[in-house]
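**Student:** My structure is below; once you've seen it, I'll send some questions.
Number of protein chains: 4
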Amino acid sequence: MSKPLISALAQFAAATAGRNMTKAAYVAVGVGVLSMVLLTDNRANEARGWVHGLLWACLVYFVFEWVVRLRHMARTGRLALYMSSSAGIVDAIGALAVPAALVLGVEPKTAWLLSVLWVLKVVPGIPGLRQLRRVLVLESGPLVSVLVIFLMVVFLASVAEYFLERDVQPQTFGSVPAALWWAVVTLTTTGYGDVVPVTPLGRIVAALVMISGLGVFGLWTGILATGFAAETRRDNFLKTWESVSKVPFFAALGPAAIADVTHMLRTMELPARTMIIRKGAQGDCMYFIAAGEVEVDLPGKKVQLGEGAFFGEMALLGNNMRGANVSTTKVSRLLVLDLVDFRVLMARHPDLAETIDAEAKRRALENK
Amino acid sequence: MSKPLISALAQFAAATAGRNMTKAAYVAVGVGVLSMVLLTDNRANEARGWVHGLLWACLVYFVFEWVVRLRHMARTGRLALYMSSSAGIVDAIGALAVPAALVLGVEPKTAWLLSVLWVLKVVPGIPGLRQLRRVLVLESGPLVSVLVIFLMVVFLASVAEYFLERDVQPQTFGSVPAALWWAVVTLTTTGYGDVVPVTPLGRIVAALVMISGLGVFGLWTGILATGFAAETRRDNFLKTWESVSKVPFFAALGPAAIADVTHMLRTMELPARTMIIRKGAQGDCMYFIAAGEVEVDLPGKKVQLGEGAFFGEMALLGNNMRGANVSTTKVSRLLVLDLVDFRVLMARHPDLAETIDAEAKRRALENK
Amino acid sequence: MSKPLISALAQFAAATAGRNMTKAAYVAVGVGVLSMVLLTDNRANEARGWVHGLLWACLVYFVFEWVVRLRHMARTGRLALYMSSSAGIVDAIGALAVPAALVLGVEPKTAWLLSVLWVLKVVPGIPGLRQLRRVLVLESGPLVSVLVIFLMVVFLASVAEYFLERDVQPQTFGSVPAALWWAVVTLTTTGYGDVVPVTPLGRIVAALVMISGLGVFGLWTGILATGFAAETRRDNFLKTWESVSKVPFFAALGPAAIADVTHMLRTMELPARTMIIRKGAQGDCMYFIAAGEVEVDLPGKKVQLGEGAFFGEMALLGNNMRGANVSTTKVSRLLVLDLVDFRVLMARHPDLAETIDAEAKRRALENK
Amino acid sequence: MSKPLISALAQFAAATAGRNMTKAAYVAVGVGVLSMVLLTDNRANEARGWVHGLLWACLVYFVFEWVVRLRHMARTGRLALYMSSSAGIVDAIGALAVPAALVLGVEPKTAWLLSVLWVLKVVPGIPGLRQLRRVLVLESGPLVSVLVIFLMVVFLASVAEYFLERDVQPQTFGSVPAALWWAVVTLTTTGYGDVVPVTPLGRIVAALVMISGLGVFGLWTGILATGFAAETRRDNFLKTWESVSKVPFFAALGPAAIADVTHMLRTMELPARTMIIRKGAQGDCMYFIAAGEVEVDLPGKKVQLGEGAFFGEMALLGNNMRGANVSTTKVSRLLVLDLVDFRVLMARHPDLAETIDAEAKRRALENK
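Line order of the protein sequences matches chains S, X, G and P. The first sequence begins at 1257 in our numbering and counts up one residue at a time. The second sequence begins at 1257 in our numbering and counts up one residue at a time. The third sequence begins at 1257 in our numbering and counts up one residue at a time. The fourth sequence begins at 1257 in our numbering and counts up one residue at a time.
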C-alpha cells in the first residue's frame, strides 16, 4: 500500500485502539444495521448491490477495529482481560458472527441478519447505563417477586381460560400453550385481539387478568421509582465529592459542612467553547470550576478564571440579570449551586457568605 | 374604514401586541383547528361554505396579530429578538404557512391542513411547561439510555421475529422493516394486532418483548417521578422565597429560619374577588398576603388586610371552624401555611408563636 | 298501614336520615345496577318480570330515602344546604332520573338505563377520595400541561397521518376526525387495531406517537406519585396530631418533640372485638390507645387498658415474641409506633425510654 | 422395599419435613406444570405416554411430601397449626386436587388441569413477597378508592356506549354486559379491538375512557410507589439494626448514633466461597462482618477476619483501587457502608474516623 494510506491507517488505528467507541464506529453501526434492514426489503431490490457494498464495508471496518484492539491489548499485556471483558466479546461477535455464518454455508440473506448484533457495540457508550444496572441489581428482590407473581397469574389464568373457552373456540383456545399466549398478551395490556374470550365466564376471568395487569405495572414502576431515587442521590454525591474537595473555596469547611455542600452541588461536564452564561439572561445558580477554565467577556477586556474559581454569584446576591457572557475555553467540569441551596448554605455557613460577598464586591469595583 | 372601526382595531392591536396570548387568540385557535377538521369530513359537505369562511377569518386574525406584533416589536426595537424567539417563529408560521401553500399551488383541501400548526400557539401559554422541560433536561441522561435500550430491543427482536416468521406469514413478516413495525407496536404495549407472530418460538420472543415493555415503562416512569419530585421542591422554593422576604412578619427571622419557612410555605396566585375562606368551613391552613389585598367579612363591618398581613390563623389555634368569609379585592399572591408545618414552625420558633397568639387575641377582642 | 310497619319505617327513616350511606343503600345500588345490566341481556328474557320487580323496588327505596332526608333536613333547617350539596344532588338524581324519563315517554328499556346513575351514590363513601382529589387539585398545573401536550400530539399526528394515509386507505383515514380517533387510540397505547397506518412514513409517525405515549404515561405518573407522597405525609400528620395530644404519655414532651412523635406514629381505626396482637407472633411495633379500650389476655386474668395507655412495648425492648393476645373491646383508635421510629425516638428522648422501661418492668413483675 | 431405598427415603423425608421448599420441590413444580401444558397440545400427542408418566411422578412426589410433613408435624404436635396454615392448605391441595377429580370421574384430560395449582407451592418461596403484601395492606385505602373509581367509570361508560352503539352494531354492543366487556378492555388500555365504537359520539366517549385509563394507571402507580418507598426504608432498617448491634465496632456509639448508622448500612447475605472484592476493581464501599468469616488474600499470606471485623476501608480512605481479593469462607452476613454515607458518618462521629484510620494504618504497616 502507498505510504500516506499506511500512515493514515496507523493514525486511525491509534485512535481506535484506545477509546471504546470512535465516532466512526457509531456511524458504522448505524449504516450497517440500516443496510441489513434494507436488504430484506423487496422495494430496495434494485439497490441491492449498493447495500451489499455498505454491509461489506462495515464488516471490514469492525474486523479491522477488532484486530487493531487485539494487537493493542496484546502489546499492553491486557489481552486476556480484554478478551474476557464484555467489550471484547462484543467486538469479537461483531467481527466474526457474519463471516462464520457465511463460511458455514448459511445462505447470505440469512447470514447478514447477524449484523444486527452490531448494535450491541453501542451498549458501553450508553450514558447512565451503570446507574440503571445498579437500580435493577439493588431492587432485584422485589422485581423478581413481581415477575413470579406475573408468571403465576399467567399460568392460572390461561388454564382457566382454556377450560372455559376450548369448546367454544377450539381453534384459538384449543391448548394451554395457546391460552398462555393469550394470557401474556392480556396481562401486559398489549391486547393484540387475535385471541379473545367470548364466553361470559371467560370474559370475567379476562377482566380480572387485565386489572391485575395494572397492578403489576404499578408495583413494577413503584419499585423502580424508589430504587432510582436512591441511586440518583448516591450517584450525584460520588460525582460531586471529589470535585468539591478540589475547590479551595470549600477547603476551609470541616468534613460535615463538605458533606452538606456536596449534597447541594450538581456536577456538569462541558466541552470547550461552550456558552455557560448569556448576558441579560435570568440567572438562578452560581458555578464553581472543578476542572478546566472559563472566560468572562467583560466590557473592554476578557478575564480567565481557572480551577477553583467561582462565578455567576451576582445572580444570587440580588440582581438576577446576568452581567456578562461566560464560556469555557477548554473541556471543564463545573459545580452548579442552585439559588435554593445557595440560600440554605449561606444561612448555615455565614463565613462562606462573607467570602462570596467580599469577592463579589472586589470584582464589582475592579470592573467599574 | 370608518373611525370607530379603526379605533376599535387600534385598541385591539394594543391588547394583542403586548401579551403572549389574548383570549381571542385561544378562541381563534380552537375555531380554526376544528373548522380544518370539519373541512375534511364529508358529512360536513353542505356546511363547507361556512367552514371555509371561519378558516379564512382565523387566518386573517393570525396574520393581523402577527403584523401588529412585528410593528410593536419594531417600534420597541426588539424586532430581531422577537423574530428569532420561538413565539415569533410560531406566529410567523401561523400567519404564513397556509397562504404560502396556497400560493405555491397546493390544492386548497391539503393547504388548509397546515392550519393545524396553529395549535403550536398555545404552547407558551401552558402552565408548568417550563417545569416539565427542566425535568426532561435534568434527567435526559437516564432517559436517553432507556430510549437506546428501547431501540436495541426493537432491532434485536424484529430481526429474530423476521427470521422465525418470514416463511410462515411472508405477507406480514416478509421484511425486517415490517418486523420493526411489529416490534414497536408490541414493545409500547399498543398491540394493534395487525401483525402477530404465530410460531411457538415467535410467540416466546414476543412474550419477552412485552415483558421488556413493562420494564421500559417502569424505568421511564421511575426516572421522571424522581426528577419531578426534585423539580417541584426547587420550583416552590424559588416562587416562595421572594414572597416570604416581602412579609414583615418573617423579617425578624434569621436567614436559616427563613429558609425553613420557605420550605414550608406554598404560593397561591388569585384573581380579584375570589372567595378564599368560606365561613363555617373546616380550616387547616393560614395565609400570609405577599401581594394584593383581602377583605374579611365580619359581622357588621368589613376589614381590609393588605400586603404583609396574615389571616386564618384561628383555624390553627384550636377552633377548626372558619369564623368569617375572606375574599380577595384585587389580584393577590398568598402564602399558604399548612397545619402540619405550622405546628413544626411554631415549635422551632416560639417567638413566631407568640406574635401570632397576640395578634389572634387582639382580633378576638376587637371583634367582640 | 299497620302499626308495626309504620314504626319499622320510622326506625329505618331515622337510620337513613342521618348517615350518608346505610348498608341497605349499598345493597340497593348493587342490586339495582345489576338488574339494569341484566335487563338489556336477551339471555335473561324469561326473568324479565323479576328483574323489573327488583328495579322498581330499588327505585322506591331511593325515592323513599330521598324524601326522608329532605324531611329530616327541612326539620333541622339545613334543606337549602343539603339540596345544593353534591350528596343532595346525587340523591335527587337517583330518585328522579328514571321516573322523569318514564313520564317524558322515553321507552322503558332506555329509561331504566338511567338507573346506572345510582352508582354515583357510593362516591361519598369511597375511602381516601378526599386525598385523591387534593392531589389532583395541587398537581393540576402540571397535569393540565401534560394533557395539553397530549392533545397537541393528537392533533398534529392525526393531520400528518390523514395526509399520508388518505389515498391508500380512504375508508379508515378518509377524514381528520377518523385520524383523530386513530391518534387517541394509539397515544393511549390502547391500540384497537381497527385503524392502522400501512404506508412506511405513516408507520414512522405512528411509532413516534407510541413512544410519546410512553412519555405521557411517565410524566403523568411521575406527577401523581410526587403529589401523592406529599399528600400522604400531610394526611397522616393531621390524623395523628390530635390523637397524640390526647395521650398523657406524650403530654410531658414539648411541642417540638410532639411534632417529632407525630411524624413517626401511624393511626389505626379498629372495630370492636378485633384481635390486635396474637400470642407468639413476631412483633415489631408498639401501640398507644388514643380512643377506646383493649383487653390483654394474660394467663389467669384479663387486663383492660383504656385511653392513653400503651402496650406491645415488650416487643421493642428485646424479646420479639408477643407475650399475650390483645384485642379491642370497643371501637378504638390506636397509634402505632414502628420499631424503626421507636429506636430513633428513644435515642432523642431518653426520658421517654425510662418511662417505658419502668412501666415494662412493673408489668413484668405484676404478671409474675 | 430394600434397605438402602428405605434409608434414602427416610433421609429425603427428613430434608423435606423441615424446610418449606426443597430444590426437588421446585423441579417437581416446573416439570409437573410443563407436562400438564404439553398434555393439552396436540403436537405432543405421540409423547403423551411420557407426559402422563411425568405427571404421575410429580403427583406421587407431592403426595409423599405432604404425608411426610403431616407425620412430622403430628410428631412435633403442630399438626393443627400446619393444616390451618396457608402452606399446609397449599400442600393439601397439591396432593389431593387431581386425585379427587379423577375419583369423582372427571375425564382425565380435564382433571390433570388442576395440577396448575401446584404453582401455588412456590408462593412462600418468593423473596420480598412479605414486603409487597405490607405495601398493599398499608395503601389499601387509596388503592380501593381508585378501584371503585375504576368500576364507576366502567359502568357509566358502558351504559353510555350501549345507548350510543346498540342500533348501529347490535351484534357487539347489543347488551350492557357486552358494553361492560368493551369498557374494561378499553379502560385498562388493553384494546383487543374485537368491540370498537364507530359512531362519532361513541368514539368521543371512548376517548375519554382511554384518557381516564391513563389517570387510573397514574394514580395506582403513584400510590404504590409512595407506599413502596416507605416500606423499603422500614425493611432495611429492621434487617440492619440487630446486625449493627452485633458489631463491637459500633458498640461505643450511643443509641442515637446507632440509629444513624443503621439508616446508612445495607445488609447483604452471602453464601460460602463468594468473591466479595476483586483485586484492582474500583471500590466505593466498606464492609462490616455481622456474621460468618471472610478471607483476605494478601501477597504471600491469607488473613481470616471474623465477626465484628471490617474491611475494604482503604477504598474510602483515598485509594480507590481494591488492594486484595476478599471472599467468604462460610455463609456470612455483611453490612455495606457506601462511600456517600461513610463520609457523612465520619463527619458526624470523628471518633469512628480515628478508629478506622488507626486500623487502616496498622494493616498497611503489617502488610508492608
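C-beta atoms are modelled at their ideal positions from N, C-alpha and C, and glycine is treated no differently. Predicted model, so just to flag it, every value in this text is computed and none were measured.
1) Are the beta-carbon atoms belonging to E1417 of chain S and P1453 of chain S less than 9 Å from one another?
2) Taking the beta strand (DSSP E) that A1543 of chain X belongs to, which residues open and close that run?
3) By the criterion of Cβ-Cβ separation under 8 Å, what are the contact partners of G1449 of chain G in chain X?
4) For M1602 of chain S, tell me which candidate among S:V1362, S:M1520, S:K1557 and S:V1319 has the shortest Cα-Cα distance.
5) So, helix, strand or coil for K1558 of chain S, using DSSP?
6) Tell me the rounded alpha-carbon separation between K1259 of chain G and L1265 of chain G.
7) Interface residues of chain S around A1284 of chain G at Cβ under 8 Å?
8) Using a beta-carbon distance below 9 Å, is G1474 of chain P in contact with chain G?
9) In the DSSP assignment, find the beta strand (DSSP E) that holds L1590 of chain G and state where it starts and stops.
10) Exposed or buried, what is M1292 of chain S when buried is set at 16 or more other beta-carbons lying within 10 Å of its beta-carbon?
11) Helix, strand or coil: how does DSSP classify S1263 of chain G here?
12) Please state if the CB of L1310 of chain P and the CB of G1288 of chain P are separated by a distance shorter than 9 Å.
13) Contact between the region 1453-1467 of chain P and the region 1436-1444 of chain G is defined here as three or more beta-carbon pairs at a separation below 8 Å; is this criterion met?
14) Under the three-state reduction of DSSP, which class applies to I1612 of chain P: helix, strand or coil?
15) From which residue to which residue does the alpha helix (DSSP H) around D1347 of chain S run?
16) From the DSSP output, in three-state form, read off T1366 of chain P for me.
17) Whether or not the region 1532-1544 of chain G and the region 1576-1583 of chain G are in contact is what I'm after, with contact meaning three or more pairs of Cβ atoms, one per stretch, closer than 8 Å; do they touch?
18) Go to A1583 of chain S, then tell me how far its beta strand (DSSP E) extends in each direction, as first and last residue.
19) Can you tell me which of X:L1385, X:L1561, X:S1342 and X:D1540 puts its alpha carbon nearest to the alpha carbon of S1588 of chain X?
20) Would you mind giving the Cβ-Cβ distance between V1372 of chain S and S1468 of chain S, rounded to the nearest angstrom? I have them listed as a contact below 8 Å.
21) List the residues of chain P that T1477 of chain X touches, going by C-beta distances under 8 Å, in chain order.
22) Hey, does S1371 of chain P have any beta-carbon neighbour from chain G nearer than 9 Å?
23) Is the beta carbon of V1432 of chain X sitting closer than 9 Å to the one on L1369 of chain S?
24) Please look up how many angstroms separate the CB atoms of T1455 of chain G and L1420 of chain G, rounded, as I've assumed it's under 8 Å.
25) For M1240 of chain P, is the classification buried or exposed, using 16 other Cβ atoms within 10 angstroms of its Cβ as the cut-off for buried?
26) Straight-line CA distance for F1544 of chain S to L1385 of chain S?
27) Near M1531 of chain G, what residues of its chain come up, given a Cβ to Cβ distance below 7 Å and the 5 sequence neighbours on each side ignored?
28) Compare the Cα-Cα distances from V1379 of chain P to each of P:V1359, P:G1344, P:V1400 and P:A1356 and report the closest residue.
29) Counting only the same chain and skipping the five closest in sequence on each side, list residues whose C-beta sits under 8 Å from that of R1595 of chain X.
30) To the nearest angstrom, report how far apart G1483 of chain P and I1382 of chain G are at their CA atoms.
31) So P1433 of chain P contacts chain S; which residues on that side make the cut at Cβ distance below 8 Å?
32) On the three-state DSSP scale, how would you describe R1534 of chain P?
33) Specify the secondary structure class of T1445 of chain G as computed by DSSP and reduced to three states.
34) So, V1359 of chain S versus L1315 of chain S, is the Cβ gap smaller than 9 Å?
35) Here's the rule: buried if 16 or more other CB atoms are within 10 angstroms of the residue's CB, otherwise exposed. What is K1377 of chain P?
36) Going straight from the alpha carbon of W1312 of chain P to that of A1300 of chain P, what length do you get?
**Tutor:** According to the structure shown:
1) Yes, Cβ-Cβ distance for E1417 of chain S and P1453 of chain S is below 9 Å.
2) The amino acid occupying residue 1543 of chain X in the given sequence is Tyr; Ala does not appear at that position. That run of the beta strand (DSSP E) goes C1541 to A1547.
3) Those within 8 Å of G1449 of chain G in chain X are G1447, Y1448, G1449 and D1450.
4) Looking from the CA of M1602 of chain S, the closest CA among S:V1362, S:M1520, S:K1557 and S:V1319 belongs to S:M1520.
5) DSSP, reduced to helix, strand and coil, places K1558 of chain S within a strand of the structure shown.
6) For K1259 of chain G and L1265 of chain G, the distance between alpha carbons rounds to 10 Å.
7) In chain order: nothing, as chain S lies at least about 23 Å away.
8) Taking Cβ atoms only, chain G reaches closer than 9 Å to G1474 of chain P, which makes this a yes.
9) For L1590 of chain G, the uninterrupted beta strand (DSSP E) run begins and ends at S1588 to D1594, by DSSP.
10) M1292 of chain S should be labelled buried.
11) DSSP places S1263 of chain G in helix when its eight states are reduced to three.
12) Less than 9 Å divides the Cβ of G1288 of chain P from the Cβ of L1310 of chain P.
13) Between the region 1453-1467 of chain P and the region 1436-1444 of chain G, the count of C-beta pairs closer than 8 Å reaches three or more; the two stretches touch.
14) Helix, per DSSP.
15) Element bounds for D1347 of chain S: S1342 to V1359.
16) Three-state result, T1366 of chain P: helix.
17) Because the criterion of three Cβ pairs below 8 Å is met, the region 1576-1583 of chain G and the region 1532-1544 of chain G touch.
18) In the sequence as displayed, the identity of residue 1583 of chain S is Ser instead of Ala. Element bounds for S1583 of chain S: N1581 to T1584.
19) Here the closest residue by C-alpha is X:L1561.
20) V1372 of chain S to S1468 of chain S, Cβ: 34 Å. No contact.
21) For T1477 of chain X, the chain P residues whose Cβ falls inside 8 Å of its Cβ are T1477, in order along the chain.
22) Put simply, the CB of S1371 of chain P is far from chain G, with every gap to its CB atoms at 9 Å or more.
23) Their beta carbons are under 9 Å apart, which means V1432 of chain X touches L1369 of chain S by this criterion.
24) Cβ atoms of T1455 of chain G and L1420 of chain G come within 8 Å of each other, at about 5 Å.
25) No answer is possible for residue 1240 of chain P: it lies beyond the span of chain P, which begins at 1257 and ends at 1624.
26) If you draw a straight line from the Cα of F1544 of chain S to the Cα of L1385 of chain S, it is about 27 Å long.
27) Excluding positions up to five away in sequence, the list reads N1581 and S1583.
28) When P:V1359, P:G1344, P:V1400 and P:A1356 are compared, the shortest CA-CA separation from V1379 of chain P is found for P:G1344.
29) Checking the sequence, you will find Leu at residue 1595 of chain X rather than Arg. Closer than 8 Å at the Cβ level, and outside the excluded window around L1595 of chain X, lie D1540, C1541, A1571 and L1572.
30) Here the alpha carbons of I1382 of chain G and G1483 of chain P stand approximately 19 Å from one another.
31) Those within 8 Å of P1433 of chain P in chain S are P1456.
32) In the structure shown, R1534 of chain P adopts coil according to DSSP, grouped into three states.
33) Coil.
34) Against a cut-off of 9 Å, the Cβ pair of L1315 of chain S and V1359 of chain S comes out as no contact.
35) Per the 10 Å Cβ criterion, buried.
36) Going from the Cα of W1312 of chain P to the Cα of A1300 of chain P covers about 17 Å.
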